[in-house]
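These notes are about the structure you will find just below.
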Amino acid sequence: MRPYEICSRPKFICEGLTRFDVEQGEAIFAISATAAKSSSSPSSNSPCSMPFLSSSSSNCNKTTNSSLLSAISCLTLTPKLLDRVVPPDQTFGPNSYSGIFRFRFWKFGEWTEVVIDDRLPTYKGRLLFLRSVDPTEFWAALLEKAYAKFYGSYETYLKNCFTAQTLQDLTGGIAQSFTIPHHDGHIIYQMISSAVPRSTLLSVCISSAPQSELNGSVAALATSPPHPCVLSSSSSAFSSAISKLQPIRLRNGLITRQSYSITGLARVRTTPRPTNGYISPPISNGHHHHQSHNSNCHNFQFHNQFTNTGLINGGLPNICGAHEVILIRLRNAWGKGEWNGPWSERSWEWDHLNDRDKEELSLRCRDDGEFWMSFDDFLRYFTHLDLVHIGPDDWMQESTLHHKRPWRAVLARRRWRKGFNAGGAPNYKDTFTTNPQFHIHIPKNDSNKCHVVVSVTQSYETTSCQQLVAKELHAIGFCVYEIPSAMKRLTQTFVTSHRPLDVTAFTSTRETVTFFTLPPGDFIIVPSTEKPNLETKFLLRILTDEPSTIWEVNEDNIIFPDVSIPKVVENNGQNGHNLLSRLMAKIPNEIDAFLLLKILKAYWKPLSILYDKPSLELCRYLIMLKDNTISGKIMVKEALPNVLNLLHFWRTIFTKYQNNSHHKVSSYTLRSILWETGISVSNKVLECLVIRYSQNSTYLTLESFLLILVKLHLAHDRYRNLERKSKNNSLTLEEMILLTVYS
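If you're matching positions, the sequence shown starts at 1 in UniProt numbering and goes up one per residue.
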């Protein structure tokens, strides 16, 4: 149904976008095997007919996915970011209404606009999914329809999207997700205490109710009976599954399966020794903390740094005699479901704080649905933590984030290419160092550390029609190595003898992220696929909270002039000397490519300069290498010995890298071979050489290697000549090389 068919005066947005605007609808799809057959092609006139929704599944699912609602609740803290997703200039007014609406979602570094009509899935005139509390407001339902289209169908979105992923789709930030019970409490504390003061959105939820909280009065929060779409089921197993997925209000006031935003973290000092709380580490550990006005009369402190202390009692930092408690401030997305345990609004724990501390904490907790609780209780009840780190550009646009410290960001769009830089994980020692490398230099600073977020995102598709032809996601990850400041590039020798600081798990997800702390120094990050020779584009994003310098490890395009070419042919005893003498006596003073081809075919084996008979193309390029007059010929006496010596020198180096008797080398070794010949090439030039001359992107023959060397020498010669003749030359050396390689 269209909004005009649901109510008489629909509105896109009523009095701004707030977290209290939206509530989660319900829809139950219970389709038996026989019903699936009859409903595999639903009629468009059916009251349950929904665009982008498949009803051919035989499974019983309750679509209570609240990832979009959780993401919206977080974004209401940042209205400018939400306006980018939901352009507010749209309306149902008669002058602008056309029946279509547009929304924007982030995908692999770009913002994608999704345009939809305003037909919404309903049952008996009621919206089935996300809806506004005000029955005349429709921005939330239309946003969800656009998001479902973004992923191909309501079914795909409801089944596969989770909060961190949805937050990234709506913000373009770097998303992380943690299962709290699977991590040490101190690690979770470090993560949150580092993220809260920075430009990071944090969301938590309780996926299932603790057994201790189910004994007693428990209220399921079904505000209205579910909407049976197609068929309903009366089986006890189905009813049990539904009850497990319903939000439940616990005895402590918290609500399961609903999102809470983390809005603050504080450390308080109490008069008696606390019996419930996450005990704070001592503050005199040499780490920087943001102190309040006067520590003697004001014992409240917002905690904003990592603390590296010993752990006791299953992960709690040692108190060392200090009566301090870590408190965490949360906000419920719906303005309800507040904590009623220790440190809640009317709990007795507040009586042990002085008036100024109580006033300070209450001023920071004025929003409806916001409350404090001890970190110990937070760890006990909450099960999932999602973080989205917001980049500096969005921080600049969003004034509500200006009280937080911005991240510094670096972004690189690259790709792993077979035979060039798709070297695989560290266990593939022969090829691992060919992966892209990124250098981070962290200078000394006051805190003597730097928080770093590293994200590697591979190219992915969202819509179902694209998924049919898209390749599966590769297992991706990255490694971090600490290196000497003078080292320019990771080498195979270094990797073999040094352990990395960190190696992420290689998982087949669209993004892998790590948040860690680095001391001042030099580090190299190596993103890679788990196995070599897998091709895909990837997006590398690095965030730091301290000044740092980050660059991709690259090399200049240089031919070193001091490389000596041995005069092997002239000095090769009687055999080489006699052969060269007989040659020069038989042939004219000038030779062209065709005559050079005859010479090399006749003498390639006795002179040990090739593995096989050369091609005419190679001979033409060899002539060009020594033809300074552009006559198509070279002088025999001056040029031919030099050409033969070059061929012998290059063949000798090529032989060192052969991995079998087939006279081929891996294309991954090309940089090393070129270096031995006295040539350095940039990453882009190396990639183009592999594309142009490698066989099946895996190996190089001797002839292709010789063509590479000749073309590189020609490109450098052309560039030098161009610089001498034209002072206004706009071409770079790299551009000249690329033009020559592809000519």
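For every residue, glycine included, the Cβ atom is placed at its ideal position computed from N, Cα and C.
_Range covered by the alpha helix (DSSP H) that runs through residue 645_ = Within the sequence shown, numbered from 1, the residue matching residue 645 stands at position 645. 636 to 656 is the span of the alpha helix (DSSP H), which, as asked, contains residue 645.
*Near residue 430, which residues of its chain fall below 6 angstroms by C-beta distance, leaving aside the five closest residues on each side in sequence?*
Position 430 of the sequence shown, counting from 1, holds the residue named residue 430. Cβ neighbours of residue 430 within its own chain (closer than 6 angstroms, five residues either side excluded): none.
*If residue 499 sits next to residue 473, beta carbons under 8 angstroms apart, how far is it from one beta carbon to the other, in whole angstroms?*
Along the sequence shown, read from residue 1 onward, the residue named residue 499 stands at position 499. Along the sequence shown, read from residue 1 onward, the residue named residue 473 stands at position 473. Not a contact, Cβ separation roughly 28 angstroms.
*Whose C-beta lies closer than 6 angstroms to the C-beta of residue 338 among residues of the same chain, with five residues either side of it excluded?*
In the sequence shown, counting from the first residue as 1, residue 338 sits at position 338. Result list for residue 338: 253, 371, in chain order.
*Note down the Cα distance separating residue 527 from residue 514, rounded to an integer number of angstroms.*
Translated into positions along the sequence shown, residue 527 becomes position 527. Translated into positions along the sequence shown, residue 514 becomes position 514. Across the structure, residue 527 and residue 514 are spaced so that their CA atoms are roughly 12 angstroms apart.
*Report the residue from 654, 599, 550, 390 whose alpha carbon sits nearest the alpha carbon of residue 523.*
Indexing the sequence shown from 1 puts residue 523 at position 523. Among 654, 599, 550, 390, the Cα nearest to that of residue 523 is on 550.
*Which residues in the same chain have their Cβ closer than 6 angstroms to the Cβ of residue 760, if we skip the five residues on either side of it in sequence?*
The structure shown does not extend to residue 760, since the chain is modelled only from 1 through 743, so no value can be given for it.
*Compare the beta carbon distance of residue 478 and residue 495 with 8 angstroms and say whether it is the shorter of the two.*
Position 478 of the sequence shown holds residue 478. Position 495 of the sequence shown holds residue 495. No, the Cβ-Cβ distance between residue 478 and residue 495 is not below 8 angstroms.
*Please say whether residue 426 and residue 480 have beta carbons closer to each other than 8 angstroms?*
For the purposes of this step, residue 480 is identified with residue 480 of the sequence shown, where counting begins at 1. For the purposes of this step, residue 426 is identified with residue 426 of the sequence shown, where counting begins at 1. Result no, Cβ atoms of residue 480 and residue 426 do not sit closer than 8 angstroms.
*For the ligand NAP, any of its heavy atoms closer than 7 angstroms to the Cβ of residue 331?*
As for the ligand NAP, it is missing from this structure, which has no ligand bound.
*How close, in whole Å, do the beta carbons of residue 3 and residue 103 come, if the pair is a contact with beta carbons under 8 angstroms?*
Within the sequence shown, residue 3 is the residue found at index 3, counting from 1. Within the sequence shown, residue 103 is the residue found at index 103, counting from 1. Contact doesn't hold; Cβ gap of about 16 angstroms is too wide.
*Where residue 140 and residue 22 are concerned, what is the direct C-alpha to C-alpha distance, given to the nearest angstrom?*
Your numbering for residue 140 matches position 140 in the sequence shown. Your numbering for residue 22 matches position 22 in the sequence shown. Taken atom to atom, the span from the alpha-carbon of residue 140 to that of residue 22 is near 7 angstroms.
*asked:* Nearest by alpha-carbon distance to residue 387: which of 263, 447, 462, 424 is it?
replied: If you number the sequence shown from 1, residue 387 lands on position 387. Closest option to residue 387, Cα to Cα, is 263.
*Candidates 391, 129, 85, 555: which alpha carbon is nearest residue 542's?*
Here residue 542 corresponds to residue number 542 of the sequence shown, with the count starting at 1. Comparing alpha-carbon positions, the option among 391, 129, 85, 555 lying closest to residue 542 turns out to be 391.
*Name the one or two DSSP bridge partners that residue 458 has.*
Stepping through the sequence shown from its first residue, residue 458 is reached at position 458. Residue pairing for residue 458: DSSP places it in a beta bridge opposite 538.
*From what residue to what residue does the beta strand (DSSP E) around residue 179 run?*
As a first step, residue 179 is located in the sequence shown; it is residue number 179 there, counting from the start. Secondary structure note for residue 179: its beta strand (DSSP E) is the uninterrupted segment 174 to 179.
*Whose CA, out of 681, 685, 693, 704, lies closest to the CA of residue 615?*
Locating residue 615 in the sequence shown gives position 615, counting from the first residue. Comparing alpha-carbon positions, the option among 681, 685, 693, 704 lying closest to residue 615 turns out to be 704.
*asked:* Given a cut-off of 8 angstroms on the beta-carbon distance, is the pair residue 804 and residue 260 in contact?
replied: The structure shown has nothing for residue 804, since the chain only spans 1 to 743.
*Going by C-alpha distance, which of 5, 357, 445, 373 is nearest residue 344?*
Stepping through the sequence shown from its first residue, residue 344 is reached at position 344. Between residue 344 and the set 5, 357, 445, 373, the nearest pair of CA atoms involves 373.
*Under the rule that 16 or more other beta-carbon atoms within 10 Å means buried, what is residue 15, buried or exposed?*
The residue labelled residue 15 in the question sits at position 15 within the sequence shown. Result: exposed.
*How long is the line joining the alpha carbons of residue 123 and residue 442, rounded to whole angstroms?*
Looking up residue 123 in the sequence shown gives position 123. Looking up residue 442 in the sequence shown gives position 442. One C-alpha to the other measures close to 58 angstroms.
*Pair every Cβ in the region 648 to 666 with every Cβ in the region 693 to 713, then say whether three or more of these pairs are closer than 8 angstroms.*
A contact exists between the region 648 to 666 and the region 693 to 713.
*asked:* Among 736, 708, 710, 706, whose alpha-carbon lies nearest the alpha-carbon of residue 720?
replied: As a first step, residue 720 is located in the sequence shown; it is residue number 720 there, counting from the start. Considering only 736, 708, 710, 706, the residue with the shortest C-alpha distance to residue 720 is 736.
*Whose C-beta lies closer than 7 angstroms to the C-beta of residue 724 among residues of the same chain, with five residues either side of it excluded?*
In the sequence shown, the residue the question calls residue 724 occupies position 724. Result list for residue 724: empty, nothing under 7 angstroms.
*Closest by CA to residue 603, which one among 459, 420, 640?*
By 1-based counting over the sequence shown, the position of residue 603 is 603. For the options 459, 420, 640, the alpha carbon positioned closest to that of residue 603 is the one of 640.
*asked:* I'd like to check one pair, residue 404 with residue 84: are the Cβ atoms closer than 8 angstroms?
replied: Start at 1 with the first residue of the sequence shown, and residue 84 comes out as number 84. Start at 1 with the first residue of the sequence shown, and residue 404 comes out as number 404. Their beta carbons are not under 8 angstroms apart, which means residue 84 does not touch residue 404 by this criterion.
*Would you mind reading off the limits of the alpha helix (DSSP H) that contains residue 688?*
As a first step, residue 688 is located in the sequence shown; it is residue number 688 there, counting from the start. Judged by DSSP secondary structure, residue 688 falls within the alpha helix (DSSP H) whose first and last residues are 683 to 693.
*In or out: residue 131 buried (at least 16 other Cβ within 10 Å) or exposed?*
Here residue 131 is taken as the residue at index 131 of the sequence shown, counted from 1. Taking a 10 Å sphere around the C-beta of residue 131, we find 16 or more other C-beta atoms and assign the residue as buried.
*Does the beta-carbon distance from residue 690 to residue 734 come in below 8 angstroms?*
Counting from one through the sequence shown, the residue named residue 690 turns up at place 690. Counting from one through the sequence shown, the residue named residue 734 turns up at place 734. At the C-beta level, residue 690 and residue 734 stay beyond 8 angstroms of one another.
_Between which residues of its own chain and residue 589 is the CB-CB distance below 6 angstroms, once the five residues before and five after are set aside?_
The residue you call residue 589 lines up with position 589 of the sequence shown. The residues are 636.
*Spatial distance of residue 625 from residue 718 (CA atoms)*: Locating residue 625 in the sequence shown gives position 625, where the first residue counts as 1. Locating residue 718 in the sequence shown gives position 718, where the first residue counts as 1. Using only the alpha carbons, I get a separation of about 11 angstroms.
*Would you mind sorting residue 101 into buried or exposed? The rule is 16 or more other CB atoms within 10 Å of its CB.*
Position 101 of the sequence shown, counted from the start, is the residue given in the question as residue 101. It counts as buried.
*Neighbour-count burial assignment, residue 135, 16 or more Cβ in a 10 Å radius*: Reading the sequence shown from its first residue, position 135 is the one you call residue 135. Burial call: exposed.
*What does DSSP give as the partner residues of residue 439 in its beta bridges?*
By 1-based counting over the sequence shown, the position of residue 439 is 439. Answer is 524, 551.
_Taking the straight line between their C-alpha atoms, what separation do you get for residue 601 and residue 642?_
Counted from its first residue, the sequence shown places residue 601 at position 601. Counted from its first residue, the sequence shown places residue 642 at position 642. Straight-line measurement puts the Cα of residue 642 at about 18 angstroms from the Cα of residue 601.
*Spell out the partners DSSP gives residue 205 in its beta bridges.*
One-based indexing of the sequence shown puts residue 205 at position 205. In DSSP, residue 205 forms a bridge with 259, 384.
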